[in-house]
Amino acid sequence: MKIMITGASGQLGKCLQDALANTEHEWLAVGRSDLDITRASDVDQVVARAKPDVIINAAAYTAVDKAEAEPDHAFNANSHAVANLVEAADTVGALLIHVSTDYVFDGRSKRPYLETDTVNPMGVYGKSKLAGEREAQRAQRHIIVRTAWVFSEYGSNFLKTMVRLGRERDSLSVVNDQIGTPTYAGDLAAALTNLALRQPENGIYHYCGGEPCSWYDFAQAIFNTCNELSADFSPPTITPISSAEFPTPAKRPAFSVLDGSKLKRATGVEVGDWVGALRNVCSKA
Ligand SMILES: NC(=O)c1ccc[n+]([C@@H]2O[C@H](COP(=O)([O-])OP(=O)(O)OC[C@H]3O[C@@H](n4cnc5c(N)ncnc54)[C@H](OP(=O)(O)O)[C@@H]3O)[C@@H](O)[C@H]2O)c1
7 MKIMITGASG
17 QLGKCLQDAL
27 ANTEHEWLAV
37 GRSDLDITRA
47 SDVDQVVARA
57 KPDVIINAAA
67 YTAVDKAEAE
77 PDHAFNANSH
87 AVANLVEAAD
97 TVGALLIHVS
107 TDYVFDGRSK
117 RPYLETDTVN
127 PMGVYGKSKL
137 AGEREAQRAQ
147 RHIIVRTAWV
157 FSEYGSNFLK
167 TMVRLGRERD
177 SLSVVNDQIG
187 TPTYAGDLAA
197 ALTNLALRQP
207 ENGIYHYCGG
217 EPCSWYDFAQ
227 AIFNTCNELS
237 ADFSPPTITP
247 ISSAEFPTPA
257 KRPAFSVLDG
267 SKLKRATGVE
277 VGDWVGALRN
287 VCSKA
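In this text, residue positions in the sequence shown follow the working numbering: the first is 7, and each later residue adds one.
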């Protein structure tokens with residue numbers, strides 16, 4: 007089994023490499039400097055040379071707010087480039103595992119989202135990722151994994167921002183009316199590796215980190231963990247605020263909890279455990 011990872015320099019790309027380093031599988035990981043997935047002929051060449059059995063696409067335009075001002079960039083990386091991967095994967099007979107987002111939903115659901123629920127993205131990023139899902143579905147062999155609120159010891163993410171602000175400030179305000187499921191990229195990487203091996207039927211699957219919470223709850227858990235790890239870290243005072251009090255260019259769903267039971271039925275993979283991952287990640291952040 008040979009697995010190729012795109013977007014290798016991102017937080018998920020790095021966690022995928024960590025996960026595969028502990029296996030006996032053959033794999034190669036290409037970052038944007040090795041392979042820009044928006045370049046169709048480069049994608050064809052690299053995939054034809056590597057002949058992977060599975061391509062895991064961890065490359066994406068992930069700047070949710072910036073996407074509102076640069077939709078072309080977002081659609082190029084998140085949708086048009088996926089078409090390049092589909093064509094290359096089909097040519098060599100590879101399974102394409104494509105990663106998508108909870109932001110394809112509008113957040114009006116009262117229960118965790120199922121794969122079959124109606125999509126209605128609220129911003130450019132979500133729309134571009136939904137367009138990418140539709141491209142990925144054209145591949146002869148495809149698995150689309152929607153995930154949410156990804157954090158890790160790598161790159162930029164909410165946890166790392168909170169740890170930095172916690173060191174710099176005595177107080178801060180965090181949004182308390184958006185509910186989601188933080189997902190450790192290391193857990194997601196393990197789930198994707200498992201999918202690469204088990205290869206369930208084509209389709210969309212949800213994977214997230216377990217216990218739902220608000221960004222405010224997540225920040226509190228991060229600060230408590232940092233404080234447990236180091237007595238030198240004195241947690242700042244956090245004030246819960248509404249999304250209306252923290253306006254952003256892109257609207258975000260108020261509720262984007264994903265139901266992971268389809269993936270469990272298909273592969274036995276349980277949802278992740280973001281609370282359990284915090285100690286490890288905070289110690290490295
Ligand atoms: N982060 C989240 O909270 C979150 C939530 C839900 C779903 N997701 C999805 O999870 C996946 C992984 O996200 P992540 O958190 O690991 O994002 P990330 O840390 O931003 O990594 C994305 C990587 O893709 C690369 N990339 C962008 N455009 C590219 C191109 N044209 N060709 C090749 N590489 C390109 C980026 O390179 P540069 O650094 O050079 O731009 C970056 O290394 C994405 O599909 C994302 O949509 C993420």
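Backbone N, C-alpha and C define an ideal beta-carbon position, used for all residues, glycine too.
- With contact defined as three or more Cβ pairs closer than 8 Å, the segment 129-140 and the segment 165-174 are not in contact.
- Note on R152: 16 or more other CB atoms within 10 angstroms of its CB, so buried under the neighbour-count rule.
- For G161, the three-state secondary structure derived from DSSP is coil.
- Counting the other Cβ atoms within 10 Å of the Cβ of P127 gives 16 or more, which makes it buried.
- The residues L165, V169, I228, T231, C232, L235, in chain order, have a CB closer than 8 Å to that of C288 in the same chain once the five nearest residues on each side in sequence are set aside.
- With respect to Y119, L264 sits close: the two C-beta atoms are nearer than 8 Å.
- In the structure shown, W221 falls within a helical segment according to DSSP collapsed to helix, strand and coil.
- Between the C-alpha atoms of W33 and I150 there is a straight-line separation of about 20 Å.
- K8 is bridged by DSSP to E32.
- For T122, the closest of I210, A196, A291 by C-alpha to C-alpha distance is I210.
- V88 is a Cβ neighbour of A142, given a cutoff of 8 Å.
- Annotation: the continuous beta strand (DSSP E) that includes T245 extends over 243-247.
- Scanning its chain for C-beta atoms nearer than 6 Å, with the 5 sequence neighbours on each side dropped, one finds around P242 the residues G172, R175, D176, S177, L178, in chain order.
- Looking from the CA of S267, the closest CA among Y213, S248, K8 belongs to Y213.
- Per DSSP, the unbroken beta strand (DSSP E) holding G209 starts and ends at 209-212.
- In the DSSP assignment, Y67 forms no beta bridge with any residue.
- Taking 7 Å as the cut-off, the C-beta of T167 does not count as close to any heavy atom of ligand 1.
- When the alpha-carbon of A202 is set against those of V275, D71, P253, W280, the nearest one is in V275.
- The residues C21, in chain order, have a CB closer than 6 Å to that of G192 in the same chain once the five nearest residues on each side in sequence are set aside.
- Under the Cβ criterion (8 Å, minimum of three pairs), the segment 72-90 counts as touching the segment 37-45.
- Ligand 1 has no heavy atom closer than 7 Å to the beta-carbon of W221.
- Minimum Cα-Cα distance from C219 among the listed residues S240, A256, D59, Q184 corresponds to Q184.
- Secondary structure of R45 (DSSP, three-state): coil.
- Per the C-alpha coordinates, the member of N208, Q17, V49, E207 positioned closest to G161 is Q17.
- Annotation for G99: no residue places its beta carbon closer than 7 Å to its own, counting only its chain and skipping 5 residues before and after.
- A straight line joining the alpha-carbon of G215 with that of E159 spans about 16 Å.
- By the criterion of a C-beta distance shorter than 8 Å, G19 is surrounded in its chain by I11, T12, G13, A35, G37, A64, A65, once the five residues flanking it on both sides are discounted.
- Here A197 has Y213, V275 as same chain residues with Cβ atoms under 6 Å from its own Cβ, once five neighbours each way along the sequence are excluded.
- Taking 7 Å as the cut-off, the C-beta of L91 does not count as close to any heavy atom of ligand 1.
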